[in-house]
Structures are given as structure tokens and as C-alpha cells.
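Enquirer: Protein chains in written order, with the numbering used here: chain W, 1 to 426; chain L, 427 to 991.
Following this message is one structure expressed as C-alpha cells.
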Amino acid sequence: MLNDVTRRKFAQCAALGVGGVGLSGWLDVLAARASAQPAAAAPARRARSIVLLWMDGGPSHKDTFDLKPDSRGAGEFKPVATSAPGVQISEHLPKLAKLMHHGVLVRGMSTPEGAHPRAKYNLHTGYREGQGGLVYPSLGAIAAAELGRPESPLPAFVSVGGRSFGSGFLGPRYQPLMVQDASRGVEDLRATIGESQFGRRMGLLDEMEQAFHGEYRAPLVTDHQTTYQRAVRLMQAREGQAFDLSKEPAASKAKYGTGKFAEGVLMARRLVEVGVPFVEVTLGGWDTHNDVFTRVRNLSAQVDNATSALLDDLRERGLLDSTLVIWMGEFGRTPNINSRGPIPGRDHYPRAWSLAMWGGGLRGGRVVGRTDREGATVEDGKVGTADFLATVCELSGIDYTKKNETPTGRPIQIVDKAKPFTSLVV
Amino acid sequence: MKLFRLLAAFALAVGVTVAGGDLSPAQDAPKVADKKNKNKNKAKLDPAAPMVVRPVVPLTPIVLPSGPKDAAALARLIDAEVDKALAAATVAPSPLCSDEEFVRRVYLDVTGVIPTGEQAKAFLDSKDGQRREKLIDDLLANPNFGKRLADVWFPKLFPRDSGNRFVLRDPLVKWLTDKFNANTPWNVFVFDLVTATGTVEDNPAVTYFLANRSVDKLTDGISQHFLGIQLQCAQCHNHPFTDWKQTEYWGMAEFFARVQPQNPKNGNKGGDNTKIGVQETAGRTKLKDFFPESAKQVAPKFLGGAEAKIDAGQPARPVLGRWMTAPDNPFFAKAMVNRTWAALFGSGFVNPIDDMHDGNTPSHPALLDAMARDFSRNGFDVKFLYKSVLLSRAYQRTSKPAAGNEKDETLFSHQAVKVMSPEQLFDSLAQSTGLAQQVAAKQAKNPMAKGQPNGPRDQFVQFFLAGAEAFTPTEYEAGIPQALRLMNSKQLVGNPAAVRLYQQNAKDEPRAVLERMYLATLSRRPTAAELTRMTSYVQSAGTQTEGYGDVLWAILNSSEFTMIR
């Protein structure tokens, strides 16, 4: 039974010419693909890749990008000047301070959810968990669907070090490839047997597939074959080495700092270089109800080293304009400092918070939104979840008003009820 | 200090966990910021005893007479109707399937796992003219029937979201398995679920309400799963392509307005979630987020029917349950018949299977009506419904298309090739690589051993679902990570011990080894050509064991293994 989705997939496969290629031809497919890189058709000033640096737990805006030295809950950190005139950020982000002329700060974030799971869902999908009885695709899945190249041997959405959110009603095709530990690369990417034995096994499998397909002629068999071909291409592809950090020279590795996040960001750069449209890298530990200053200082150092190294590397490679780097978490933290634990901390605060973006054709040095003296209320330039995600879509050439259909035929706009602020930042 | 209070109050208003709600973080949970507020909140959440309402005269589902049943007669009716539609469209049906196709298909469809090599061999070698009928009866009596249906129903009743992550899963799985195995009449089953009251310990069916703690989730779910109706669009606006109006939605929702599901606690922090449960109270629920912003309060009203008269002192759900499960309910029997048909044919008379409305015409309206009438007349007997369909020639057709019916998608001229669900695939792989036997041996040795024998299965299922809400048997949805796991992981397919199940002795003849392997995985013997090819492959390999390992690897990664033909 060939329903619409299957037919569509089938047509795609046929158009790519992979539907009829036997698995035994996997080396040929690979060779053909390597010589047929499509020309970049995206217009100028459009991001072709997005790197989302996800600060899990909700980073304190008053201790990172929106310092309020004269407020009551000012905290311990001092603001310092940056390469963007008039823009100050935390003293613990010194390398990023030198790169703010490539960046935009959004200090007017104001969002509806204050509990971790629901807030993460909201900021990843633009919708509220459970809304309308649907599971919504996350930004990574949207980018994979809109920006991904079907002929690429690499998946279009890679998530490093976190669970992220999936493709929801868009279906498994746009699910992220999860990399739990960047230093170990993609799970099960390497055969446990020698290459020649693997080749013999693929040959046997191909014979079986041909026989079964010959008798049953089900499109599902073609889909199965195509998926296996894509997996084998990933195993064999030169670009698959992007997942192998041991290929990176020690010196360039060192710039990113040490730890899993640094490795994840390095992997993100390697993936952007081979054209992966969306990479998410998670840094946990921002849920600082206790001991906010020591913890944020340590986390800031990790962010500062890895992010500045990423931006430098992208610029050197001419990729900064076509890569949008986003630094954000699920909310900010209370303007006041609590006294509930032995060492002071800050609690969840979705009402006013900050995020940062670099590259991607942004006109650097801008700040969107302004909070009050305490960093408690957005006084000007309030940005909601949908407004922000719609802006990201526009920066990467995605029509956020496009309606995707759910399996039951409900049309759902990529981002709904949004007022993007793109014109302020390009 | 004043400002801090203000902020705390705001934080509460937007649902920030300053006061430690059910969504508070597992670690670093903030202590109470405002004691007064917390206590007030708690008093609201805790269903106080005097508020609870109980029916004066308990309502029960209508008991249906259960006369003599003739599954073969219903199977004949199915075939007459299916054949009539085929003839009208001048589409030729494919012939009946071979025993090899049948045995693997019926094991997977009814018990969720492929037959073992011995089971396949016994069936294929049987000379009994009634062997298909007998196998159908055996499998419907097999405890794996309940397990299979629990696998299908559990994810519908217990959607994965952050709000129910502390709710216990196992009690509902066991409840579903037991009810399906006991062949509880479907009306009783659904009535018991919809009206479930008490604690998880006493009545595991209450888990449904604990896992769906808002009036819209309950309204959407109950309508979709048991009535086959997608009502959720009407929550916020009149449904664009059906007659459902917004007031109709909130009329249904009103039956759940007094349900009080308790908050599950983090089990790792000492919360005992077997002791929490569900009550109905006289007043509307005041649980946070139980009513969405779009909620409207209207009188309780049966979907497409009359307003319900319910005294304030009476629980509302039994009134709804009795209406839903009555033999003359226009949706209830059809919804289950359509679902069952889809489970056995890959697609229903109406598709999507839970989106039945006037604009979505069934492929075989008269047959659907007749089967629904028969289902309620026969006391909503689920196993009988299964048996009737399994006996039909329509079910037993080959999935190989015949000349002229290749393009047919709706007339059931040939069976669908279906993709195994993640549960079917895991159980079948575990059985054909020795994992299932290893687990069984361990359990037999130490039956009291604690632990999570289902851990690897759940992980596998989640990995293969990859976040999808539901599994679709007519879509091949596995992606690159899943293919990589099947090809390269040392678990399951890569288990080095698996070959020894088939090459039991170094001197075993290739014919014997290959026959065991094919029977245990593909439920058939190798063809003569395959035997020649694989024997020469094995003999040219580095060692015979390596050669057999390669053949087994290829079989387990093949479409023929992964699919139900």
C-alpha cells in the first residue's frame, strides 16, 4: 500500500537515482557522489548552517550577558567593555568580548515556561508542550527538513552531548543523529569486522534484497535499501571523518579548551565544514540554585574558550557569514540572589533573559531589547520564543510561515504568531 | 525584600518552580520560598475525603447476551464483501499465501514475535487439513497475545511527556496484558478504564488519568482511542472538516472536569507512587494546568448526542462510560473493528484509523457496519473478532501482487507487506540470536532476581521510535542510526554466540545448519538455489563459523526478516 508519504519518499529516491542501485554498488555510489557536490545556491547573507550551543539548566543573564552592576542582586562579576562600542559583558568571557562586533545580544527574551522540561520544549519547538495534542519538531529538525541536502551522506541534524528534541510530527527522517560523547564519535559507525568481510556481508545482503524485492515489489523494501545505503555511505564517507576528533591537529584542538563541551564544539565546526546544516552542542550545569558565582565562572571559561575558538576557526575558513552560532538556554535566572542554601544562588526566571548570536550574516555589535535596572523586566524590545525562532528561520532563509502537514493532515506553521526582529540585526 | 516577594509571586504565576511543583528539577530543587503559598496550594491538590463523590447505585456497562458464535460465518461475510468490491472494480485478488508466509505472519500479528525454528517446522510439516485454524486458536490463547496488544495500547494511553515521568508504567502494562489475555469484553474494558477510581495499587487503570493530567489530554485521548474521532482541533476552533463544534468538545471535556489525579512524586526521593490515585469530587478540579487557557465551561454533553443529566453528588465518568460502551453507540464498535482490521492488514477501512468522520469515507462501508454490529452483538468479544478476520481468505492472501492488482491500496486484493514494530523486531531478534533464551535461563535459575529484564527492550524500542509518537506498519521509518546499530552493534545481531544456535557441532552438514537458521529467522527452509549459494559461500569463507556468521548477519539485516510478508 503506497500512501502519500511513501510515494513522496519513493519519488525522492527515484529522482536521486539511488532507488535502483544495488547495495553491492555502494563504493560506486560513493565515488559518484564525491564528484558531484552541488553548487551553493543559497543567496548571500543567508546562514547555511546553524550551531546551537545549548546551555542546559538556564544560564544567569545577570552573570553573563546582561550585567547590572548597580542593582540589588548585582552579584560578584564585573562588566567589561567589548569590541562592540557601548556593549559590556561579563569579565569571565574575555575572548568573546573581543568578538562581539560579530555578534548580536538579545537581552529582551521573555518566555512563558519556568519549569525545565516545558521550557526546553518551548524554546526548541516554538510551541508549548501538549499544545493541540501534537508533538512539534524542534528547530534542528526544521532546519534539517528545510536546509538539508538529501544527497549528503551525513545526517542533517546532529546533537552532541544532550538529548535535544526530535522531529515530532515531521517523522523519523529528520531525527537528530545523537552523539553522546564527542571523543567517541558516532555509535556503531565502525564495523566490528574487517573491511573485506564487511563487503562480503553487504554482497550477501544485496542478493537477498534483490530476491525479496523481485518477488514482493513493495516500496518498503526500497526504503529499507535506501536507508542501509545511506548508513553505509556514512560509514565510508570521507565526510564521516568529521566525527573523528583524532583527525584534528593537537594545536587547534587545544584552543577549544578541555572537556566534553569543548570537544562537542570542535565536532560542530568539523560538521559545519562538511555542510551539516544543524548541530546542537549541550553544556549542562547552569541550573545554579546554589553557588551561582563559582559555577558560572567555571562554565563561562568553557563557553569563552570553545565559542571563541569556533568563531575564529569559522572566520579563518570563510564560514562565519554562512554559519549562525546561537548561545542560549531555556530561561534566565532570578535578578535577586537567594539565601536558601549555604552558598547563594539564583532560581528560574523566564520573564527577562538574554541569549547571544554570532556570524550568519548578522550585523555585529547590536543589542536587541533592554531590561530594567534590576534585570527583572524587559523595558523595551521584548522577544518571545516564536519571535526569536522566526528570526533564526529568516536568517537561514527558511520561510517560517510555511505550513507543514501532520500525519492527519493538519497544517501547522513552522513558527506561529511571530514578530521576527531580523530587520534590526542584518 | 518587597521586590523579592513580588518576583516570587510572579514566578508562581508563570509556573516557575519556586514553590517546588511536580516539574521541579530532580536536583537542586529550591526550598520553599513562600510557605503560606505552598500550603494553600497543597490543600487544593489534595482531594479531601468529604469532597469525593461515589455513585449511590453503581453504574456498570450494559451486559450483553453472548449466544453461539460462528467465526467462520463472519469470515465468509468478510470475504463476500471484500470479493464483491474487488469484482466491482475488476481487480483480481492474489492467491492464498503459502504456509511459510502464513505461519510467520500470524505469529507476528497475534503474538508479536516470529515462530521459533521448531514451531515453524512443526507447522510446515503438519499434514492436518485444519492446521491454520488450529494455529489461530493456539495463538489467541497464548499469553503473548495480551503482551502484543499491551505493546500496541500502552503508548497510546501513556504518552511520553515531562508531566508523567514519575508515574509508574509497569502496573498499567500488566493490567492491559491481563485484560487482553482474559478476553475482557471490550465494553467492560473501556468502561473500567474510563471510570477508573482509587489508587494505582488497587486499580492500575487509574494510571491512565495520572499519565494524562489535563482535561484536554483526556478528552482528546478518549475520543481518539475508543471512538476513533480526532476532536482536538475543536478545542480552540470549530473543526474545519467535520461537524464538531467547539461547544461539542467542551461538552465532552466536562465529563472529566471533576477528576482529581494526584501528583506523582519523584520515586528516587522516596515517593511511593503505588499509593497515589484518582478520585472524582463534587467541585471542579483546581489542579494547576488541568484546564487549558482555551477551556470553556458548558453542560456535559455526549458527542453528537444529548446533554447528560448528572447530579452534583454523582460521579460523571460512569455516565460517559455507559454511553460510550453501549451497543448502540455510533462510534465505539466501529472504532475497534477498524483498528483491529488495520492491525492485521496494515491499514483500516478508514485511514488514519482514528480519524473517522463523514468526510473520510470507509473503503468498505457495509462491511464495517456489519462487523461493528456483529462485534456488539457478540458481547464485544475481541478474540472472536480477531479470529474471524484471521480465518478470512482476505487475511490469508499472499502479499505478492498479482497481475492487475499491483496498484491496489484499498481493496485488500493482496496482503500488505508490513514493517515489524520495534517491539516485534526486538523480540524476534532476541529469539533468533539467543538473547531471549539467555534471559529466560537466568530467570529460571533465579526467579526472585530483581532488576529490569525489560531495560534493553525499552531502550531498543525508544531508539527505533526515535521520538515518533506512534509506529506505522506501512512506513519504513528506521534511519541511519538504527541501520548502524543493526549492522555494527555487538548486541543482538552481532552477538557472537548466535551462530552456535545453528552450528551446534563443527561437523554439522551445511544443509542442516542453514535449514535451522532459515527456519528460526525467516520461518521457511532455504530454496535449492539458496542452499547451493550459501553452502559455497560458507565453504569459501575463512572458517565455516565466520561464513555462517555472515549469512546470519545478512538474513537479520534483510527486508525479509524486518518485514511481515
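Even for Gly, the Cβ is constructed at its ideal location relative to N, Cα and C.
Indicate whether at least one CB of chain W lies closer than 8 Å to the CB of L/Gln656.
Expert: Taking the first residue of the second sequence as 1, we reach residue 656 of chain L at position 230. Judged by the 8 Å Cβ criterion, L/Gln656 is in contact with chain W.
Enquirer: At what residue ranges does the region 127–170 of chain W contain a whole run of the beta strand (DSSP E), taking only runs of 3 or more?
Expert: 157–160, all fully within the region 127–170 of chain W.
Enquirer: Note down, in chain order, each residue of its chain lying with its Cβ closer than 7 Å to the Cβ of L/Phe716, except the 5 sequence neighbours on either side.
Expert: Your numbering for residue 716 of chain L matches position 290 in the second sequence. Cβ neighbours of L/Phe716 beyond the five flanking positions: Arg639, Ser640, Val641.
Enquirer: Do the region 248–257 of chain W and the region 125–141 of chain W touch if we need at least three Cβ pairs shorter than 8 Å?
Expert: Touching, no.
Enquirer: Does the region 523–540 of chain L touch the region 496–505 of chain L, meaning 3 or more C-beta pairs lie closer than 8 Å?
Expert: The region 496–505 of chain L is not in contact with the region 523–540 of chain L.
Enquirer: Since W/Ile326 and W/Val392 are thought to touch, with beta carbons under 8 Å apart, how far apart are those beta carbons, to the nearest angstrom?
Expert: On the first sequence, position 326 is the one that residue 326 of chain W refers to. On the first sequence, position 392 is the one that residue 392 of chain W refers to. Indeed they touch by this definition, with Cβ atoms about 7 Å apart.
Enquirer: Specify the secondary structure class of W/Trp286 as computed by DSSP and reduced to three states.
Expert: Your numbering for residue 286 of chain W matches position 286 in the first sequence. In the structure shown, W/Trp286 sits in coil (DSSP, three-state: anything other than H, G, I, E or B).
Enquirer: Name, please, each residue of chain W whose Cβ falls closer than 7 Å to the Cβ of L/Arg991.
Expert: In the second sequence, counting from the first residue as 1, residue 991 of chain L sits at position 565. Within 7 Å Cβ-Cβ: Tyr216.
Enquirer: Could you tell me how far apart the beta carbons of W/Val104 and W/Leu320 are, in whole angstroms, since I believe they sit closer than 8 Å?
Expert: Translated into positions along the first sequence, residue 104 of chain W becomes position 104. Translated into positions along the first sequence, residue 320 of chain W becomes position 320. No, W/Val104 and W/Leu320 are not in contact; Cβ-Cβ is about 13 Å, not under 8 Å.
Enquirer: Please list, in chain order, the residues of the region 786–802 of chain L that have any C-beta partner in chain W closer than 7 Å.
Expert: From the region 786–802 of chain L, no residue has a Cβ closer than 7 Å to chain W.
Enquirer: Would the region 775–788 of chain L and the region 749–766 of chain L be scored as touching if the rule is three or more Cβ pairs under 8 Å?
Expert: Yes, the region 775–788 of chain L is in contact with the region 749–766 of chain L.
Enquirer: Rank L/Ala513, L/Phe681, L/Arg557 by C-alpha distance to the C-alpha of L/Ser524 and give the top, closest one.
Expert: Along the second sequence, read from residue 1 onward, the residue named residue 524 of chain L stands at position 98. Minimum Cα distance to L/Ser524 is reached at L/Arg557.
Enquirer: Which residue wins for smallest C-alpha separation from W/Glu248, given the options W/Ser339, W/Asp313, W/Arg149?
Expert: Here residue 248 of chain W is taken as the residue at index 248 of the first sequence, counted from 1. Looking at the Cα atoms, W/Asp313 is the closest of the given residues.
Enquirer: Let me check understanding here. Comparing Cα to Cα, which of L/Ala946, L/Pro936, L/Ala967, L/Gln970 lies closest to L/Ala1004?
Expert: What is shown of chain L runs 427 to 991, which leaves residue 1004 of chain L out entirely.
Enquirer: How about W/Arg149: is its C-beta nearer than 8 Å to some C-beta of chain L?
Expert: As a first step, residue 149 of chain W must be located in the first sequence, where it is residue number 149. So no, W/Arg149 is outside the interface.
Enquirer: Go ahead and pull the three-state DSSP assignment for W/Ala182.
Expert: Taking the first residue of the first sequence as 1, we reach residue 182 of chain W at position 182. The answer is helix: DSSP assigns W/Ala182 an H, G or I state.
Enquirer: With 8 Å as the threshold, decide whether the Cβ of W/Thr192 is near any Cβ in chain L.
Expert: Position 192 of the first sequence, counted from the start, is the residue given in the question as residue 192 of chain W. Yes, its Cβ sits closer than 8 Å to a Cβ of chain L.
Enquirer: Listing by chain order, which chain W residues have their CB less than 7 Å from the CB of L/Ser915?
Expert: Counting from one through the second sequence, the residue named residue 915 of chain L turns up at place 489. The answer, in chain order, is Asp188.
Enquirer: Alpha helix (DSSP H) containing L/Ser985: first to last residue?
Expert: For the purposes of this step, residue 985 of chain L is taken as residue 559 along the second sequence, with counting starting at 1. Note, L/Ser985: alpha helix (DSSP H), 985–988.
Enquirer: Under 8 Å by Cβ, that's how I've got L/Ser858 and L/Leu982 pegged, so tell me the actual separation to the nearest angstrom.
Expert: The residue given as residue 858 of chain L occupies position 432 in the second sequence. The residue given as residue 982 of chain L occupies position 556 in the second sequence. About 7 Å; that satisfies the 8 Å criterion.
Enquirer: Cβ of L/Phe838 within 8 Å of Cβ of L/Phe771?
Expert: Stepping through the second sequence from its first residue, residue 838 of chain L is reached at position 412. Stepping through the second sequence from its first residue, residue 771 of chain L is reached at position 345. Yes, the Cβ-Cβ distance between L/Phe838 and L/Phe771 is below 8 Å.
Enquirer: Between W/Val272 and the rest of its own chain, which residues show a CB-CB distance below 8 Å, the 5 nearest in sequence each way excluded?
Expert: Residue numbering aside, residue 272 of chain W sits at position 272 when the first sequence is read from its first letter. So the qualifying residues of the chain are Ser49, Val51, Val279, Leu314, Leu319, Thr323.
Enquirer: Counting only C-beta atoms, is L/Asp525 closer than 8 Å to chain W at any point?
Expert: Position 99 of the second sequence, counted from the start, is the residue given in the question as residue 525 of chain L. Not an interface residue.
Enquirer: Within the 8 Å Cβ cut-off, does L/Leu910 reach chain W?
Expert: Here the question's residue 910 of chain L lines up with position 484 in the second sequence. At least one chain W Cβ lies under 8 Å of L/Leu910.
Enquirer: Report the three-state DSSP secondary structure of W/Thr323 (helix, strand or coil).
Expert: Here the question's residue 323 of chain W lines up with position 323 in the first sequence. DSSP places W/Thr323 in strand when its eight states are reduced to three.
Enquirer: Assign W/Gln302 to one of two classes, buried (16 or more other C-beta atoms within 10 Å of its C-beta) or exposed (fewer than that).
Expert: Against the first sequence, residue 302 of chain W aligns to sequence position 302. Label assigned to W/Gln302: buried.
Enquirer: Measuring CA to CA, which of L/Thr700, L/Asn689, L/Asn699 is closest to L/Leu713?
Expert: Locating residue 713 of chain L in the second sequence gives position 287, counting from the first residue. Checked all of L/Thr700, L/Asn689, L/Asn699; the closest Cα to L/Leu713 is L/Asn689.
Enquirer: How long is the line joining the alpha carbons of L/Ser552 and L/Gln864, rounded to whole angstroms?
Expert: Taking the second sequence and counting its residues from 1, one reaches residue 552 of chain L at position 126. Taking the second sequence and counting its residues from 1, one reaches residue 864 of chain L at position 438. Roughly 29 Å separates the two Cα atoms.
Enquirer: I'd like to know whether the C-beta atoms of L/Glu728 and L/Ala734 end up nearer to each other than 8 Å.
Expert: Against the second sequence, residue 728 of chain L aligns to sequence position 302. Against the second sequence, residue 734 of chain L aligns to sequence position 308. The residue asked about is misnamed: residue 728 of chain L is Phe in this sequence, not Glu. Contact flag set, yes.
Enquirer: Taking the alpha carbon of L/Ala938 as the reference point, which residue from L/Gly543, L/Ala499, L/Val599 has its own alpha carbon closest?
Expert: Indexing the second sequence from 1 puts residue 938 of chain L at position 512. The option with the nearest alpha carbon to L/Ala938 is L/Gly543.
Enquirer: Cβ closer than 8 Å: which chain W residues qualify as neighbours of L/Asp646?
Expert: Indexing the second sequence from 1 puts residue 646 of chain L at position 220. Going along chain W in sequence order, the residues near L/Asp646 (Cβ under 8 Å) are Gly133.
Enquirer: Where does L/Lys605 sit, in a helix, a strand or coil, going by DSSP?
Expert: For the purposes of this step, residue 605 of chain L is taken as the residue at position 179 of the second sequence. Of the three classes helix, strand and coil, the one that applies to L/Lys605 here is helix, per DSSP.
Enquirer: The region 385–410 of chain W: which residues have C-beta closer than 9 Å to a C-beta of chain L, in chain order?
Expert: The residues in question are Pro407, Thr408, Gly409, Arg410.
Enquirer: Determine, for W/Glu330, whether the minimum Cβ-Cβ distance to residues of chain L falls below 8 Å.
Expert: Within the first sequence, numbered from 1, the residue matching residue 330 of chain W stands at position 330. No, W/Glu330 does not count as interfacial toward chain L.
Enquirer: Is L/Tyr928 close to chain A? Criterion is C-beta to C-beta, closer than 8 Å.
Expert: Judged by its chain identifiers, the structure shown contains no chain A, and its protein chains are W and L.
Enquirer: Given a limit of 8 Å on CB to CB distance, which residues of the region 73–98 of chain W reach chain L?
Expert: Listed by position, the residues of the region 73–98 of chain W near chain L (Cβ gap below 8 Å) amount to none.
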